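Quick note, the sequence shown lines up with residues 89 to 376 if you use my numbering.
To start, the structure itself, in structure tokens.
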Amino acid sequence: MVLPTTTWMEVGAGCFARRYASFDVTVGVVLGDAGAVVIDTRSSMDEGDELLDDLRRLGVGAERIRAVVNTHGHFDHCFGNARFPPCPLWGHALLPRYLRREAPTMRAFLADRGPEWAAEMDRLEMRVPDHLVAHQATIDLGDRLVELVCTGRGHTDHDLVVVVPTAEVAYVGDLLEESGPPSYGPDCFPLDWPDTLDALRAILTGSDDPDRQPAGPTRLVPGHGNAVGMDFLDRQHAEIRTVADIISRLLESSPGLEDAWQSDEPWPYPPEMLAEALRRAFEQQAGG
Ligand SMILES: [Zn+2]
């Protein structure tokens with residue numbers, strides 16, 4: 089097993105990523121003349137404080153933080169929000185609604201982990217994004233632009249990608265995962281996910297042509313694991329497409345979830361990790 093790094097990795101000019109053992113989450117920071125953009129804030133206020141300390145070690149004091157972005161609303165990416173300075177907090181337009189609905193469940197889940205987590209969740213302040221992105225937005229760091237892009241539904245209905253064109257780096261949240269299979273959770277959109285990655289690839293390569301390789305060494309920072317290249321995107325994209333194709337076929341041929349689940353299919357990931365994907369697809373077909 090590869091242990092998470094405990095240092096900042098420069099994945100592109102002025103673009104850093106850091107892995108944390110807690111939930112093996114990967115956060116990011118983009119540096120520019122006008123300050124820094126921080127991408128994701130970890131699972132609690134204490135973890136947010138630890139991230140702020142680690143940013144200081146990178147020369148980024150709180151006063152240098154120009155904006156914070158949440159890639160999506162799962163607790164490991166946004167429960168540290170309240171510890172960050174009162175700068176713009178960006179998220180997908182659907183994120184505030186998601187947090188209002190789901191934060192209590194996520195808090196209860198974490199509180200169940202033991203007394204320390206229960207205390208953490210007792211004192212948790214939820215800060216919800218105040219700068220919302222429905223399609224695309226730009227943060228100007230003076231010498232460089234940071235683009236925030238919604239490419240569609242996949243891991244959730246509110247995944248937000250952060251692209252730094254001058255560094256050829258993209259922070260993709262949990263639309264890709266390097267340290268394990270992509271996470272098909274209770275709020276995923278398994279049938280939309282492949283098209284969302286098509287749209288992401290088109291943005292990164294500037295082309296709809298699936299055979300076109302980007303000009304530069306594009307690095308993608310996943311929400312969990314190490315930075316990867318476009319070859320990894322293409323590989324995981326193909327697997328996510330295979331999952332969607334099998335599910336689409338099962339939706340047509342199976343009268344219900346029970347029958348579909350018993351079928352022996354060439355899933356690219358362990359089937360037990362795909363139970364929610366299948367359930368979600370049947371739910372969505374039924375209009376849920
Ligand atoms: Zn997630």
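We put the CB at the ideal spot given by N, CA and C, even for glycine.
Quick caveat: nothing in here was measured; it's all calculated off a predicted structure.
| Item | Value |
| --- | --- |
| Can you check which of these residues, G179, L183, S132, is closest to A34 by C-alpha distance? | What the structure shows of the chain is the stretch from 89 to 376, and residue 34 is not part of that stretch, so it cannot be assessed. |
| When we look at the beta-carbon of F104 and count the other beta-carbons within 10 Å, is it buried (16 or more) or exposed? | buried |
| Should S341 go down as buried or exposed, given a rule of 16 or more other Cβ atoms within 10 Å for buried? | exposed |
| Could you say which of G123, W355, P269, H246 lies nearest to I153 if we only look at CA atoms? | G123 |
| What does the alpha-carbon distance come out to for the pair W349 and D210? | 39 Å |
| Over the uninterrupted alpha helix (DSSP H) stretch that includes G57, give me the two end residues. | Nothing can be reported for residue 57, as the shown portion of the chain is limited to 89 through 376. |
| Tell me the residue span of the beta strand (DSSP E) that contains R307. | 307-310 |
| Taking 8 Å as the cut-off, decide whether the C-beta atoms of G147 and L183 are in contact. | no |
| What do you reckon, is the C-beta of D262 under 7 Å from a heavy atom of ligand 1? | yes |
| Does F163 pass the burial test, meaning 16 or more other C-beta atoms within 10 Å, or should it be called exposed? | buried |
| Spatial neighbours of L379 within its chain, please: C-beta separation below 6 Å, excluding the five flanking residues on both sides. | What is shown of the chain runs 89 to 376, which leaves residue 379 out entirely. |
| Determine whether the beta carbon atoms of A315 and L308 lie at a separation below 8 Å. | yes |
| With T193 as the anchor, note down where its alpha helix (DSSP H) starts and where it stops. | 183-199 |
| Return the CA-CA distance between S131 and C166, expressed in angstroms with no decimal places. | 6 Å |
| Helix, strand or coil for A124? Go by DSSP, reduced to three states. | strand |
| First and last residue of the beta strand (DSSP E) that includes W349? | Looking at the DSSP string, W349 is not in any beta strand (DSSP E); the run it does join, the alpha helix (DSSP H), is 345-350. |
| Identify the continuous beta strand (DSSP E) that holds A225 and give its terminal residues. | 224-228 |
| The alpha helix (DSSP H) with R289 in it runs from where to where? | 281-293 |
| Consider the C-beta atom of G311 and the heavy atoms of ligand 3; say whether any pair is separated by less than 7 Å. | Ligands displayed in this structure: ligand 1; ligand 3 is not among them. |
| If G375 sits next to Y259, beta carbons under 8 Å apart, how far is it from one beta carbon to the other, in whole angstroms? | The Cβ separation is near 33 Å, so there is no contact. |
| Do A332 and L279 have their C-beta atoms within less than 8 Å of each other? | yes |
| To the nearest angstrom, report how far apart Y357 and H243 are at their CA atoms. | 15 Å |
| Assuming T114 contacts G313 under a Cβ cut-off of 8 Å, what Cβ separation, rounded to an integer in Å, is found between them? | 6 Å |
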